[in-house]
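Written out below as structure tokens is the structure these notes cover.
Protein chains: 2
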Amino acid sequence: MEIQELLPIGAAIASFAVAAGFAAWVSKQNPGTKEMMEISEAVRQGAAAFLKREMKIIIPIAIGLSVIIGFFFQFSNGIAFAVGAALSAIAGLISLKITVKAAVRAANLSGSGLGKTFALAFRGGATVGLAVPAMALLAITLLYLVFPDPITIAGVGIGASLIALFIRIGGGIYTKAADMAADLVGKVEANIPEDDPRNPATIADNVGDNVGDAAGMGSDVYESYIITMLASLLIAALIAAPENFLYPILIGASGIIASIIGAATVGSRNITDVMKPLNRAFYISATIAIVLNFVFTYFYLGQTTIAYSLFGATVIGVILVPVIQKITDHYTNIKYKPVKEIADSAKWGYASLTLMGIIKGMQSTGPFMIALVVAIIISFAISSAAAPDPSQALLYGIFGTSLTAMAMLSLAGIVLSIDAFGPIADNAGGIVEMTGMGEENRKVTDQIDAVGNTTKAITKGFAIASAGLAALAMIQAFQFEAAEVFHQVFDYSLSNPSVVIGLLVGGVIPFIITGQLINGVSRAASILVDEVRRQFKSDPEILTGKSKPDYAKCVDIATVASIKELWKTAIIPIIAPIVLGVILGPTAVAGLLMGAVVSGIFLAFHLANTGGAWDNAKKLIEMKGKKGSEEHKVAVVGDIIGDPYKDTAGPALNTVIKLLNTVAIVFVSAFVSIIVL
Amino acid sequence: MEIQELLPIGAAIASFAVAAGFAAWVSKQNPGTKEMMEISEAVRQGAAAFLKREMKIIIPIAIGLSVIIGFFFQFSNGIAFAVGAALSAIAGLISLKITVKAAVRAANLSGSGLGKTFALAFRGGATVGLAVPAMALLAITLLYLVFPDPITIAGVGIGASLIALFIRIGGGIYTKAADMAADLVGKVEANIPEDDPRNPATIADNVGDNVGDAAGMGSDVYESYIITMLASLLIAALIAAPENFLYPILIGASGIIASIIGAATVGSRNITDVMKPLNRAFYISATIAIVLNFVFTYFYLGQTTIAYSLFGATVIGVILVPVIQKITDHYTNIKYKPVKEIADSAKWGYASLTLMGIIKGMQSTGPFMIALVVAIIISFAISSAAAPDPSQALLYGIFGTSLTAMAMLSLAGIVLSIDAFGPIADNAGGIVEMTGMGEENRKVTDQIDAVGNTTKAITKGFAIASAGLAALAMIQAFQFEAAEVFHQVFDYSLSNPSVVIGLLVGGVIPFIITGQLINGVSRAASILVDEVRRQFKSDPEILTGKSKPDYAKCVDIATVASIKELWKTAIIPIIAPIVLGVILGPTAVAGLLMGAVVSGIFLAFHLANTGGAWDNAKKLIEMKGKKGSEEHKVAVVGDIIGDPYKDTAGPALNTVIKLLNTVAIVFVSAFVSIIVL
């Protein structure tokens, strides 16, 4: 093996090693009292029950699909599919395990101050953050070394999507159904505080934070990573210059090394503002990534105009991360005007607050679009201009934009680390509350949780942008793929009615999915609400604290209900491209993929930011000491409306957009065009 | 002149004659007591003040644009622009005048029963309904006879769009700002009923119903009509068969004749269910339209396969109208499950009702998309298959789909008639309330108003579908146009980065516009709220009914505020295609136009149906006798949130989607592509 092949493998292994070190360190910390461990164990069991039930469904499907793909669509694709799915599932399991472990330990440490508690939560989060992209990089690199033609390993994408579908969408329904049910009966009807141990749905709520927020974001980014890498490799393979082949993988390796270093800079000393060390860690990683990208480019691609241009495209990708973060931050952080205006509108009542949240979320899509478009224009322009001959300008341009996406995702390690401590702090806060550890401890976990909410909102922006860029790269790869499979030049132009129909079909999918998922959440929540009410009614001692509620029953009900709802939605992105492809052929499918991106990323961005802003408007009102006021009541409603916006529908759209692409590219040979328009 | 040229002119004149007859009949009815006439006069003055202020801004712009277009983009285009704008403005003026006149007379008649009151409201509405499309048909036919090349009269579209922009968007902001302000201070704070004469904003609210609902829908459909006709003619001109040229105009004439007959069937006798005669009138018109289309096809195009295929495409268009109506009806009528479920969710509180409304509106986009796509597929397939030679298959296919759009819009006369009586009944109810005419009278106007709400929701579906089809036809015309202007074959395929960027820019525009407009409504409303509060405070006798509030002040404030907010939004669809076109060329612009349709029509449909469903969920709860209950309070909030959804943002998106197209096609020669990607 040559150095450029060893490098990514080495980087992935290093990342695993650091993650394992963090995990070991976290495990060594004191898990606290027996009562705390009991709660933690209940959450762990709940999360395990959810995953186990999902796995029972996923594993037979995965094996079946693996065999079908391996048999009908190349042997290597079947293996790739299995590898992609298995690693994603393992990443999900690791995330859940470490998050639960870290949460109870952070709760226990919360008495010894902000710095130490934060350091623990961060290391727990960084375990996930570093392991997930390393897993993706390793999967792609090894598969690619064994099967050097990327189209023969495209199945890895569908494997990643399948798992993401279950964890991101299933988890998204679960977490918000549990949250809404716990809030509706607990806070509103029984008038007990959040995370109160008397609430039967409280463990389910905490399980939800783990399966939805921690594991969900991980599987989402893993999927983006795999798909972007795949698209980049597919396009690289079309360029008759073999030295380009490994370049996207090297960019991935660079980001992982940069992430390890960045994560290592976060210590526990003298912390007053949790955001500062996180920001510093990110910028250190970003700088190192740019430097490493340059070094790798210099030595691997040489000192040519093409090399410098492609390097330029990766720089755009790295810069895009903080730009998108700033935009999301502006619209969701209590420090800025949008959230302040929303909080302000609470005094006008429910309608005003609701509309104001929707206004701000809708408006946030403008700068987001500009950031994406400028990045695409620059990276395409410099890469296509550097093409060795004009006939390859388009290919090089597309390759450049795929590298921008790849460079953006290469920072997933540090971005996920900065995100993943949030659910840990959130859960730690829950344990503090449930065990009655006192105001001081809760204050510490609350402080970390508040920053976690901000980074969570910011990471959503990153996830949406990366999903969008991954999908755009994949759509280009799909077109080249279809040409090869059918030995035919298709007309993907806007005057082709099949393309127009595809665009319309694709454009509507995000709207339908959003409707379906929010519906799923409220249906699942209402089942859970019935159960909580039943428990309160059948045993009045629960509310007095004398007898324990049946947590496990709620966990079980939420699990069954969310998986049931998941299917109703998941079937759409799987069936739609296949049906349309068989009837109207690849041109309609390409239109569909594009239409879903065009409406999907903006709808997702709106949903994520509106939801995040409502959440923080509520927090802002609380910080002003108005908890319990009429305004606060209004803001709580905004927060409840926003929950399925930001934590179910918004994130699910990312997965849907990508899933459409992986389904399309794997099943392309089935798109026989029954009707030719 | 030949028979086929005389026919459309004759049809238009006949339509005017019937409209004039209705108007004269309405004018002859008794306008009621002095008090009623005073209120009516106040509304008339308010509406006139609004229009006058708008005209003060529009006329200089229109003259300037007319000169610029005439000078730089052909003389005939300048004239066409002026004609398009002037006729649209006249149509708006007529609508306002007759609506105000009919309202007070309907109020006066409301004592003599449902049948007579309804007949009066309907004839008032039919005046608008028959005049508007006749105006559009006449404009296009005359221009076309003078300047037989459709590209030289494309300016007529931009004229129509300019006026629609002011009336539809400006009126949309006005109506909802006045409505929200009147509700917020009146119903919620001062606890006085709707339309109470003590409320200073009540006249502004009634003016808003006229400028927003009556004139707004008219200008929207007028614009769709003009643009679809234009697109159809542009495409017809590309087909080297001159006998096709007048065909779209004949389809328009057929629909107008059918509408006259349909409208004439609506009488006043023995009415218990208002919906029945309306439905009958529509189906009579639709049947006649199909028969006339066949006759015109048979005699004008001859008995060829092409002729029958194009006739088939028009049949699809006619059928599409009731299909879209049924879909909208299902999601917004109290009779069906969606509204029932929303009303049901009110017992769970604000968050549930809000989410349930959003769920249903989002889900409604699915069947809407299917209806559109199936219509496009069939009409394209049959028309392209009939092309005389394969090289023209694409052109014939596109021509067929443009005829489907034209046939759909040809029924605008009857569709608008069925819609336009709603605001009349609404206003009549207001007058009844303000003059204290008693329960019985109010019941009559309420009954008509309720049906008006249903037909209003249904007509919105029609307007969105027609805007979408008009835009799709226009985008095709734009591509042909650009090729001719630049003598160059452009690449509009999905692999062209300019197209992708255009799609992203276009896709985001509806989201931004929605955010901006709802923001505009709440800003304008808050200014008005301040004024209402000021009046209540400075003169406490207003609330006791002893002194009269200053209605005119509120009307004036609403006018100024809504025009100010209009500009902030209107500038986007005017500037965006020009800037993008100059920088990235026609390919990016085509992408933009398509992107706006792809996300815009579904967002608009969601907004319209969610808003309509909330409105009716409130009505359903009231009908169950739960007025004043906790559930009703919740539903009132839903209705307030839905107001800018369904009456400002939703309808405005129609205009924006079309405006983008007219701007693009008129300024195409300026799209010089500074950057070539």
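Heads up: the sequence lines are chains E and U, in that order.
Taking the working numbering as reference, the numbering of the first sequence is continuous, increasing by one, and the terminal residue is 677.
Taking the working numbering as reference, the numbering of the second sequence is continuous, increasing by one, and the terminal residue is 1677.
Note that beta-carbon positions come from the ideal geometry of N, C-alpha and C, so glycine has one too.
For clarity, every value in this text was computed on a predicted model and none was experimentally measured.
Only those residues of the segment 1303–1334 of chain U whose C-beta falls short of 8 angstroms from the nearest C-beta of chain E would be listed, and there are none. For H632 of chain E, no chain U residue has a Cβ inside 9 angstroms of its Cβ, as the nearest lies near 14 angstroms away. When the beta-carbon positions are compared, A1047 of chain U and V1207 of chain U come within less than 7 angstroms of each other. With a threshold of 7 angstroms between beta carbons, P1497 of chain U makes contact with chain E.
For secondary structure counted as the alpha helix (DSSP H) over 4 or more consecutive residues, the segment 1490–1562 of chain U holds these complete runs in sequence order: 1497–1538 and 1541–1544. Looking at the backbone, the Cα of L1292 of chain U and that of G1413 of chain U are separated by about 15 angstroms.
Secondary structure at E1002 of chain U: coil, using DSSP grouped into helix, strand and coil. At a cut-off of 7 angstroms between beta-carbon atoms, T1610 of chain U makes no contact with chain E. The beta carbon of T265 of chain E sits closer than 8 angstroms to those of P277, R280, A281 and I284, all from its chain and outside the five residues before and after it, given in chain order. Counting only the Cα atoms, L7 of chain E lies some 10 angstroms from I13 of chain E. Your pair A1106 of chain U and A1425 of chain U checks out as a contact, with CB atoms roughly 7 angstroms apart and the cut at 8 angstroms. Taking the Cβ atoms as the reference, I1226 of chain U lies roughly 6 angstroms from G1084 of chain U, within the contact range of under 8 angstroms. Under the Cβ distance rule, G507 of chain E counts among the residues neighbouring chain U, one pair being separated by less than 7 angstroms. The straight-line gap separating the alpha-carbon atoms of W1614 of chain U and I1358 of chain U is approximately 9 angstroms. Residue range E630 to P644 is occupied by the alpha helix (DSSP H) that includes E631 of chain E. Here Y492 of chain E has Q479, V499, T587 and A590 as same chain residues with Cβ atoms under 7 angstroms from its own Cβ, once five neighbours each way along the sequence are excluded. Under the 10 Å beta carbon count, G361 of chain E is surrounded by 16 or more other beta carbons and is classified as buried. Neighbours of H487 of chain E in chain U, taken as residues whose beta carbon is under 7 angstroms from its own, are absent, since the nearest beta carbon is some 18 angstroms off. When CB distances to chain U are screened at a threshold of 9 angstroms, not a single residue of the segment 660–671 of chain E falls below it. By the Cβ test, the segment 648–657 of chain E is in contact with the segment 166–181 of chain E, since at least three Cβ pairs between them sit closer than 8 angstroms. With contacts defined by Cβ atoms closer than 7 angstroms, I1342 of chain U and V1318 of chain U do not form a contacting pair.
With 16 or more other Cβ atoms from the protein chains shown falling within 10 Å of its own Cβ, Y222 of chain E counts as buried.
Against chain U, the beta carbon of F511 of chain E has neighbours under 7 angstroms at M1362, T1365, F1602 and H1606, listed in chain order. For P1060 of chain U, the uninterrupted alpha helix (DSSP H) segment begins and ends at K1034 to F1072. Considering only beta carbons, the part of the segment 1376–1397 of chain U lying closer than 8 angstroms to chain E consists of I1376, I1377, F1380, A1381, S1384, L1394 and G1397, in chain order. In this structure I1140 of chain U is not in contact with F1147 of chain U, their Cβ atoms being roughly 11 angstroms apart against a cut-off of 8 angstroms. For S673 of chain E, the three-state secondary structure derived from DSSP is coil. If you check each beta-carbon in the segment 338–353 of chain E against every beta-carbon of chain U, the ones closer than 9 angstroms belong to S345, W348, G349, Y350, A351 and S352.
Excluding its 5 nearest sequence neighbours in each direction, L469 of chain E has C-beta neighbours in its own chain below 6 angstroms: A405, listed in chain order. Contact between V1505 of chain U and V508 of chain E does not hold, since their C-beta atoms are separated by about 20 angstroms, which reaches or exceeds 8 angstroms. Here G1436 of chain U is exposed: its Cβ has fewer than 16 other Cβ atoms, across all protein chains shown, within 10 Å. The Cβ atoms of A649 of chain E and L607 of chain E lie closer than 7 angstroms to each other. Per the coordinates, the alpha-carbon of L411 of chain E lies some 36 angstroms from the alpha-carbon of F71 of chain E. Between A1420 of chain U and V1672 of chain U, the C-beta spacing is not below 7 angstroms. Residue range L114 to V146 is occupied by the alpha helix (DSSP H) that includes L143 of chain E. Ranked by Cα distance from H632 of chain E, the options E:L137, E:K187, E:S110 and E:D196 are led by E:K187.
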